[in-house]
Every structure is written in structure tokens, then in C-alpha cells.
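K.L.:
This is the structure, below, for whatever I ask next.
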Amino acid sequence: MSIDNNIASVPAFNNKTVSVKLAFGMITSLFFLWGLSHGLLDVLNKHFQDSLNVSKAQSGYLQMAYYGAYFLVAIPVGAVMQRYGYKLGVICGLLLFAAGALLFVPATSVGTFAFFLFALFILACGLGCLETSANLYASVLGDADNAERRLNFAQSFNGLGVFMGPIIGGTLFFAPDIRIAGHDFDPVMTTYVVLAAVVLLLMVVFIVTRLPEVQEARDDSRVGAVKQSIWKKPSFTGALAAQFFYMAAHVGIASFFINYAIDHWKGTSVQDASYLLSCAMLTFMVGRFVSTWVMKYFAPRSMLITYSIINILLCSLAVMGVEKISVIGLVVIFFFLSIMYPCIFAMGVKNLGAQSKRAGSYLVMTLVGGAISPYLMGMIADYSSMATAFIIPVFSFGVILFYAVKCTR
């Protein structure tokens with residue numbers, strides 16, 4: 096049994112491929128792109144509340160369409176990777192990403208909330224493919240002992256994209272139409288058309304590049320050996336719950352950050368709140384780079400425990416609704432959110448060998464937590480207050496703390 100596990104954890108690379116470093120760099124660019132898309136989504140909530148007159152709860156449908164897509168595509172793309180490799184998963188993801196972004200053109204013409212939801216759903220199907228492929232590929236593209244640090248480093252560029260998203264969205268989405276060559280163009284539509292062009296260009300690069308395909312080696316002597324099910328591994332099953340509630344917390348906080356800042360910092364405009372959200376995303380990005388370095392000296396498990404406790408305290412402050420201080424606390428929360436996703440993901444698939452692709456697909460399915468929490472938080476905000484709604488992230492961080500303490504020994 097131990098021999099099978101050890102052999103399965105050693106990656107073997109196909110010949111005549113680009114270097115592992117170049118492949119890792121290309122994969123890291125994907126982390127930036129879907130981070131940018133996530134950052135834009137958080138600004139769309141407030142934009143559609145204003146432009147299409149939807150309630151806070153209804154604006155939560157954006158996240159429901161977005162992260163619900165992850166739940167639907169994770170298993171199919173896992174099957175594609177299992178049979179055809181990581182590269183095809185990436186190409187399919189980029190194609191759907193671009194298609195969804197281009198659907199913003201007819202959605203703008205029709206001008207209905209439902210059409211925008213459909214466009215975001217298709218776009219997010221592409222992101223689901225990318226996250227399933229890229230997260231797992233980055234975690235296995237090298238020494239298994241450094242999987243958490245490697246994935247945290249790649250995710251740091253995701254943080255850069257998430258930081259830039261609210262700046263771009265806050266600057267363009269609430270501005271007048273963009274005038275080019277005598278024609279007026281909707282700023283939201285224009286932003287997504289440019290994004291689609293960049294994605295299509297990157298897709299061509301991936302098509303013409305031969306990536307190293309990681310092959311989980313198999314033990315030929317495993318006949319008669321007992322293969323432990325992934326469902327009997329607490330580090331994996333616990334990761335499913337922890338990742339679900341991580342997404343519930345992260346997406347819920349980001350989705351209503353602008354609303355919360357306007358309510359609890361007097362005189363704050365929508366654009367000002369968008370820039371504050373960018374500051375929060377900057378702390379998120381800095382948190383990833385700094386924490387990746389700190390992991391050289393402290394175990395990822397210990398850091399996950401510490402960060403969970405700190406975020407429980409900071410989010411409890413948000414529930415209290417203290418003027419200005421609670422908003423600053425929300426900004427700081429993003430620093431300690433930084434390592435949670437990559438650490439939970441890497442811990443969940445660690446030492447699973449040939450079962451890692453299937454396990455990675457299940458973990459990406461848990462991003463559906465981000466589809467549920469914004470709607471629930473929006474309902475609480477509509478019927479009570481925005482501050483009260485933050486009790487959901489408090490509970491979510493409690494689940495993550497339990498996982499780090501009990502399931503990762």
C-alpha cells in the first residue's frame with residue numbers, strides 16, 4: 096500500500112515539451128485572468144442594482160449563475176482531463192470564457208438581467224474548466240512536498256487580477272458611454288469584448304504550445320492490493336466542506352463589500368466604495384505573496400488555523416457594524432483570506448496519486464458555495480441589515496478552522 100502511494104506521487108513528463116518553468120508561467124497567466132473576471136463580477140452587483148433596478152437579493156443571482164456553473168462543469172472537465180490531459184481542459188475553458196464575454200454584446204442590446212445572467216453562466220463554465228485544470232496542474236507540476244507553496248504562488252497572480260478588477264469596473268462601469276470613432280459603446284460591454292480578445296489570443300498560444308503532461312505513475316504490482324477510496328480520507332472529505340464554506344465567505348463578503356462600505360462609512364460614493372474594494376483586493380494579493388514566503392518557516396496547516404481565527408474575529412466586528420472601523424476590518428479580512436483556497440485545495444488532493452484529477456473536480460464543485468451565500472446574505476440584508484448578513488461568513492470561517500484543526504493532522 097505504501098509503495099503504491101509513493102510511486103503514484105512521482106510525476107513523469109512527456110518528452111519534446113516546453114520547460115516546466117515556462118509551463119508553470121503559462122498556467123499562472125490563467126490565474127490572473129480568472130481573478131480579473133472575479134473582480135469585475137463584484138462591481139457588477141452594485142452596477143445592476145442601479146442600472147436594472149434589482150434588489151440586493153436579486154443581484155445575488157449573478158453569483159448564483161457564476162458559481163453554479165462551476166458545480167455543473169467540474170465533473171465533465173475532470174473526465175476530459177482524465178482521458179485527454181490538462182491541456183484540453185485549459186483550451187475548452189478559454190473558449191467558453193471568450194464566448195461568455197462576447198455574449199455581453201447581445202445582452203447589452205436586449206438590456207435584460209436574465210440575458211446578462213446567461214452570459215455570465217457561459218463565461219463561468221469556462222472559468223470552471225480553467226480552475227479545475229490549472230489548480231490541479233499547478234499543484235502536481237513539481238515536488239509534492241511544495242504543492243501548497245507552489246499553488247499559493249500561482250494564486251498570488253489571481254490576487255493581482257482580483258485587485259485590478261474593481262479598479263477597472265469602478266472606473267468604467269459607472270461612467271458614461273465610451274465614444275469611439277463617433278459611436279457610443281456601453282462601457283460594460285466594451286470591457287468584456289476586450290477581455291474576450293485577450294482570452295482568444297491566449298487560447299491560440301496554448302493550442303500551439305506542447306505542455307508537459309503530468310502522468311501519475313501506476314504501480315504494476317498493485318494487483319490484489321487494496322486501493323483506499325478518497326471518501327475515506329479526512330483530508331479530502333473535510334476539504335470539500337472547508338472549500339464550500341471558504342467560497343461562501345469570500346464571495347459573500349466581496350459581493351456586498353460596496354453596499355457595506357456605503358452603509359458604514361458616511362459620505363462614501365459607489366466609486367469610492369469600488370476603490371476601497373480594490374484596496375481590499377490589494378491586501379488579498381499582498382497576503383498571497385507574503386504568506387507564500389512565510390510558508391518557508393511555518394507549516395501551511397498552522398497558518399490556516401491562525402488565519403481562520405483572525406477572520407472569525409474581524410468578521411464578528413463587521414456584524415457589530417462599527418462606523419468606519421468595521422469597513423477597515425473587512426479590508427484586512429482579505430489578507431487572511433489569501434492562503435485559504437490554495438491551502439485547502441492542495442491539502443485535499445495531496446498524495447492521492449492517480450485519483451487526484453477526480454478529487455480536484457469534486458473540490459472545484461464546492462465553489463457552488465459562492466453561488467448560495469450572496470443570495471442568503473442579500474435576503475438577510477433586505478429584511479434586516481447588511482451588517483447582520485455577515486453572520487454567514489463568521490460561521491463559514493468556523494468550519495474552515497475545524498477542518499484545519501481536526502482533518503489535516
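Using this note's numbering, you'd call the opening residue of the sequence shown number 96 and step up by one each time.
Yeah, the Cβ is synthetic: ideal placement off N, Cα and C, and Gly gets one too.
(1) Within a Cβ cutoff of 6 Å, which residues of the same chain sit near L399, ignoring the five residues on either side of it in sequence?
(2) Quick one: residues in its chain with C-beta nearer than 6 Å to the C-beta of K182, no 5 flanking neighbours on either side, listed in chain order?
(3) Would V172 pass as a contact of S456 if the rule is Cβ separation under 8 Å?
(4) Here's a check: name, in chain order, each residue in its chain whose Cβ is nearer than 8 Å to the Cβ of F301, leaving out the five neighbours to either side.
(5) Quick check on I428: does DSSP put it in helix, strand or coil?
(6) Taking the C-alpha atoms as reference points, what is the distance between I475 and T483?
(7) Measuring CB to CB, does M342 end up less than 8 Å from G195?
(8) For a quick check, are the C-beta atoms of F431 and Y402 less than 8 Å apart?
(9) Keeping to the same chain, check which residues put their C-beta closer than 7 Å to that of I487; ignore five residues upstream and five downstream.
(10) According to the Cβ coordinates, are Y165 and A202 closer than 8 Å?
(11) Less than 6 Å between C-beta atoms, sequence neighbours within five positions excluded: which residues of the same chain meet that for F252?
(12) Which full runs of the alpha helix (DSSP H) of 4+ residues lie inside the segment 424-477, going along the chain?
(13) Quick check on K391: does DSSP put it in helix, strand or coil?
(14) Please classify D145 as buried or exposed, where buried requires at least 16 other C-beta atoms within 10 Å of its C-beta.
(15) Which residue's Cα is closest to the Cα of L147: G163, A209, G256?
(16) My output table needs one value for A349: the three-state DSSP class, helix, strand or coil.
(17) Run the CB neighbour count on V494, radius 10 Å, all protein chains shown included, and call it buried at 16 or more, exposed below.
(18) Alpha carbon to alpha carbon, what distance is there between T304 and F119?
(19) Within this structure, are the beta carbons of R383 and Q250 separated by less than 8 Å?
(20) Tell me whether I434 is buried or exposed, calling it buried when 16 or more other Cβ atoms sit within 10 Å of its Cβ.
(21) Reducing DSSP to helix, strand and coil, say where S397 ends up.
(22) For A291 versus A193, is the C-beta spacing smaller than 8 Å?
(23) From L236 to E243, what distance separates their C-alpha atoms?
(24) What did DSSP end up calling A312 once you bin it into helix, strand or coil?
(25) So does A375 have its beta carbon nearer than 7 Å to some heavy atom of the ligand FMN?
(26) Please determine, among G256, L225, G333, L167, the residue with the shortest C-alpha to C-alpha distance to L131.
(27) Would you give the residue range spanned by the alpha helix (DSSP H) that A196 belongs to?
(28) Would you decide whether D238 is buried or exposed? Buried here means 16 or more other CB atoms lie within 10 Å of its CB.
(29) Could you check where the alpha helix (DSSP H) with E243 kicks off and where it finishes?
(30) Report the three-state DSSP secondary structure of R305 (helix, strand or coil).
(31) Tell me the rounded alpha-carbon separation between S234 and Y156.
(32) What would DSSP say about C224, mapped onto helix, strand or coil?
(33) How many Å lie between V299 and M284 at the Cα?
(34) How should L377 be labelled, buried or exposed, when 16 other C-beta atoms within 10 angstroms of its C-beta is the threshold for buried?
(35) Helix, strand or coil: which one does DSSP assign to N148?
P.N.:
Taking the definition as stated:
(1) By 1-based counting over the sequence shown, the position of residue 399 is 304. The answer, listed in chain order, is C438, A499.
(2) Residue 182 sits at position 87 when you count from the first residue of the sequence shown. Around K182: L306.
(3) Within the sequence shown, numbered from 1, the residue matching residue 172 stands at position 77. Within the sequence shown, numbered from 1, the residue matching residue 456 stands at position 361. Yes, they are a contact pair.
(4) If you number the sequence shown from 1, residue 301 lands on position 206. Only M121, K182, V185, I186, L189 meet the Cβ criterion.
(5) Working through the sequence shown from its first residue, we reach residue 428 at position 333. It is helical.
(6) Working through the sequence shown from its first residue, we reach residue 475 at position 380. Working through the sequence shown from its first residue, we reach residue 483 at position 388. Cα-Cα distance, rounded: 7 Å.
(7) Within the sequence shown, numbered from 1, the residue matching residue 342 stands at position 247. Within the sequence shown, numbered from 1, the residue matching residue 195 stands at position 100. For M342 and G195, no; Cβs fall outside 8 Å.
(8) Counting from one through the sequence shown, the residue named residue 431 turns up at place 336. Counting from one through the sequence shown, the residue named residue 402 turns up at place 307. Cβ distance < 8 Å, so F431 and Y402 count as in contact.
(9) Here the question's residue 487 lines up with position 392 in the sequence shown. Correct list, in chain order: A343, G347, S468, L471, M472.
(10) Here residue 165 is taken as the residue at index 70 of the sequence shown, counted from 1. Here residue 202 is taken as the residue at index 107 of the sequence shown, counted from 1. Their beta carbons are not under 8 Å apart, which means Y165 does not touch A202 by this criterion.
(11) The residue you call residue 252 lines up with position 157 of the sequence shown. Closer than 6 Å at the Cβ level, and outside the excluded window around F252, lie T123, F126, F127.
(12) 435-444, 451-460
(13) As a first step, residue 391 is located in the sequence shown; it is residue number 296 there, counting from the start. In the structure shown, K391 sits in coil (DSSP, three-state: anything other than H, G, I, E or B).
(14) To locate residue 145, count along the sequence shown from 1; it is residue 50. Exposed, since its Cβ has fewer than 16 Cβ neighbours within 10 Å.
(15) Here residue 147 refers to the residue found at position 52 when the sequence shown is read from its first residue. Cα-wise, what sits closest to L147 is A209.
(16) Here residue 349 corresponds to residue number 254 of the sequence shown, with the count starting at 1. In this structure, A349 counts as helix in the three-state DSSP scheme.
(17) Along the sequence shown, read from residue 1 onward, the residue named residue 494 stands at position 399. Counting Cβ neighbours within 10 Å, V494 comes out buried, since at least 16 surround it.
(18) Counting from one through the sequence shown, the residue named residue 119 turns up at place 24. Counting from one through the sequence shown, the residue named residue 304 turns up at place 209. Rounded to whole angstroms, F119 to T304 spans 13 Å at the Cα level.
(19) Locating residue 383 in the sequence shown gives position 288, counting from the first residue. Locating residue 250 in the sequence shown gives position 155, counting from the first residue. Going by C-beta atoms, R383 is nearer than 8 Å to Q250.
(20) What you label residue 434 is simply residue 339 of the sequence shown in a count that begins at 1. Under this definition I434 is a buried residue.
(21) Sequence index remark: in the sequence shown, residue 397 carries index 302 (1-based). Note: S397 maps to helix in three-state DSSP.
(22) On the sequence shown, position 196 is the one that residue 291 refers to. On the sequence shown, position 98 is the one that residue 193 refers to. Contact flag set, yes.
(23) Residue mapping note: residue 236 aligns to position 141 of the sequence shown, counting from 1. Residue mapping note: residue 243 aligns to position 148 of the sequence shown, counting from 1. Cα to Cα, L236 sits roughly 12 Å from E243.
(24) For the purposes of this step, residue 312 is taken as the residue at position 217 of the sequence shown. The predicted model places A312 with a pLDDT of 45, which falls under 50 and marks its position as unreliable, so this point remains unresolved.
(25) In the structure shown, the ligand FMN is absent, as is every other ligand, since no ligand is present at all.
(26) Within the sequence shown, the letter at position 36 stands for residue 131. Checking every option, the nearest Cα to that of L131 belongs to G256.
(27) By one-based count along the sequence shown, residue 196 stands at place 101. From DSSP, the alpha helix (DSSP H) with A196 extends over 181-197.
(28) Residue 238 sits at position 143 when you count from the first residue of the sequence shown. That one is exposed.
(29) Working through the sequence shown from its first residue, we reach residue 243 at position 148. First-last of the alpha helix (DSSP H) with E243: 242-267.
(30) What you label residue 305 is simply residue 210 of the sequence shown in a count that begins at 1. It is coil, neither helix nor strand.
(31) Locating residue 234 in the sequence shown gives position 139, where the first residue counts as 1. Locating residue 156 in the sequence shown gives position 61, where the first residue counts as 1. Using only the alpha carbons, I get a separation of about 31 Å.
(32) Locating residue 224 in the sequence shown gives position 129, counting from the first residue. The answer is helix: DSSP assigns C224 an H, G or I state.
(33) Position 204 of the sequence shown, counted from the first residue, corresponds to residue 299. Position 189 of the sequence shown, counted from the first residue, corresponds to residue 284. If you take the alpha carbons of V299 and M284, they lie about 23 Å apart.
(34) In the sequence shown, residue 377 corresponds to position 282, counting from 1. Buried, by the Cβ-count rule.
(35) For this step, residue 148 is matched to residue 53 along the sequence shown. The answer is coil: DSSP assigns N148 none of H, G, I, E or B.
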